[in-house]
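Chemist: With mature numbering (1 follows the signal peptide of the UniProt record, and there is no 0) as the guide, the letters of the sequence shown map in order to residues -20 to -1, 1 to 333.
For glycine and all other residues, C-beta sits at the position ideal for the given N, C-alpha and C.
Quick caveat, the model's predicted, so the values are computed rather than measured.
Take a look at the following structure, please.
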Amino acid sequence: MKRTLGAIALGLISMAPAHAATLYNTLSGEAPLIIAHRGASGYLPEHTLGGYELALQMGADVIEPDLQTTADGELVAMHDSTLNRTTNIEALFAPRNGGYRVSDFTLAEIKTLTVEPTGATASTSYDGFTPSMAAPYKVPTFQEVMDLVSAYNATTGKEIGIYPEAKTPNSLAMNQQILQEMKANGFDGSVQNTFIQTFSHEGARQLADLQVEMGMDNAIAALGYARQLGDGFGVYDATTGTTTSLEDLATFADGLGLSLSGALSADFIAAAHALGLTVHGWTFRPTSDEAAWDMFLPWIEAGMDGFFTDYSLRGVEVLDRYEAAEVPVPATLPLMLAGLGGLAMLRRRRAAA
């Protein structure tokens, strides 16, 4: 089990209940992943180094960069195919080809832009957090995102994964470039909790085949919407308007990234698990701590394997609260902890070192 009681730090690991590792109904039995959706996008500008760094410090297990390609062929972290929703480009550049597509601007031009907060609660600062980089709210390259995560892992000894999305329409050239850059940076399947995702199921199959050719083994996640298929289930592929059965998906994908809507349920998750598929849900955007508990809890109980969330800290705290409520402790342990500083030590956080 990834998260452990604060008592373990006191040398009391032998007193932990034997069944603690089966607390969760996830495929692995481990705690579900907290996936930093577009970084710490509920707190800071999305897809920025500052936002990713805050998510790491809040305890996210995985950093999720959406990827687009610039006019000169560089991969940058950007959700939209256009720049005007999240940056100040309209103040600096005239439209090109009728708009502000990422693919119409060079990396050098995009680096002059500032990413602005867009979420309902996002800001340009977060209390107590000072970004370590000089320009935390510029559009980062995929290379810069990987550099940040790799440096964090090297410094802390952790293994935080990345979860890049190959944006649609599916592109062989983009898929190849993503894999090449990942492999060059050591994300070849050896870093835990690392996935490659796409809404194109054909693209997911292509990524799986390319990884075999390149000697890589990252998990492949097919994105979409849960659907009922007779007595079984499938995932709707919005890029083609078709639905792929779970049995077919299991031949090339390792997991699913699914909208919380539609046919997604405990039964769907159990069916996916039976085929060896993990299930990650999107997007968790709770507006308060109690709303977070109400939002996450049913999916924890259903066995969901990971949560795409704009609020990494709330996700971490919900799992802490869940474990504190669900894991029994020896009757003498609270007294021992009280004598050493109080029951607060039962509440552990995965803050960055």
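With DSSP collapsed to three states, give me the class of Ser21.
Modeler: Coil, per DSSP.
Chemist: Could you give the DSSP three-state label for Glu26: helix, strand or coil?
Modeler: Three-state result, Glu26: coil.
Chemist: Do Gln123 and Glu145 have their C-beta atoms closer together than 8 Å?
Modeler: Cβ atoms of Gln123 and Glu145: not closer than 8 Å.
Chemist: Tell me which residue opens and which closes the beta strand (DSSP E) that Val42 is part of.
Modeler: Its beta strand (DSSP E) spans residues Val42 to Glu44.
Chemist: Below 6 Å CB to CB, which residues in the same chain sit around Gly283 once its five sequence neighbours on both sides are set aside?
Modeler: Taken in chain order, the residues that qualify are Asn5, Thr6 and Ile249.
Chemist: Beta-carbon within less than 7 Å of Gly22's beta-carbon, same chain only, minus the 5 sequence neighbours each way: which residues are those?
Modeler: Here the set comprises Gly99, Thr101, Ala102, Arg265, Asp290 and Tyr291.
Chemist: Buried or exposed for Thr135, please, with buried defined as at least 16 other CB atoms from any protein chain shown within 10 angstroms of its CB.
Modeler: It is exposed - the Cβ of Thr135 has fewer than 16 other Cβ atoms within 10 Å.
Chemist: In angstroms, rounded to a whole number, what distance separates the CA positions of Ser105 and Gly237?
Modeler: Spanning the two alpha carbons is a distance of roughly 30 Å.
Chemist: Look up Trp262 in the DSSP assignment and give the residues it is bridged to.
Modeler: In the DSSP output, where bridge partners are listed per residue, Trp262 has Ser239.
Chemist: Could you give the residue range of the alpha helix (DSSP H) that holds Leu159?
Modeler: That run of the alpha helix (DSSP H) goes Leu152 to Ala164.
Chemist: Please report the distance separating the alpha-carbon of Gln157 from that of Leu229.
Modeler: Looking at the two C-alpha atoms, the distance is approximately 23 Å.
Chemist: So what does Ser225 bridge to, in DSSP terms?
Modeler: According to DSSP, which records beta bridges pairwise, Ser225 is partnered with Gly214.
Chemist: In the DSSP assignment, find the unbroken beta strand (DSSP E) run with Leu209 in it and report its ends.
Modeler: Where Leu209 is concerned, the enclosing beta strand (DSSP E) stretches over Ala199 to Leu209.
Chemist: Find the nearest neighbour of Gly19 within the set Pro12, Glu33 and Gly9, judged by alpha-carbon distance.
Modeler: For the residues Pro12, Glu33 and Gly9, the minimum Cα distance to Gly19 belongs to Glu33.
Chemist: Looking at the unbroken alpha helix (DSSP H) that takes in Gly286, where does it start and where does it end?
Modeler: Note, Gly286: premise wrong, no alpha helix (DSSP H); beta strand (DSSP E) at Gly286 to Thr289.
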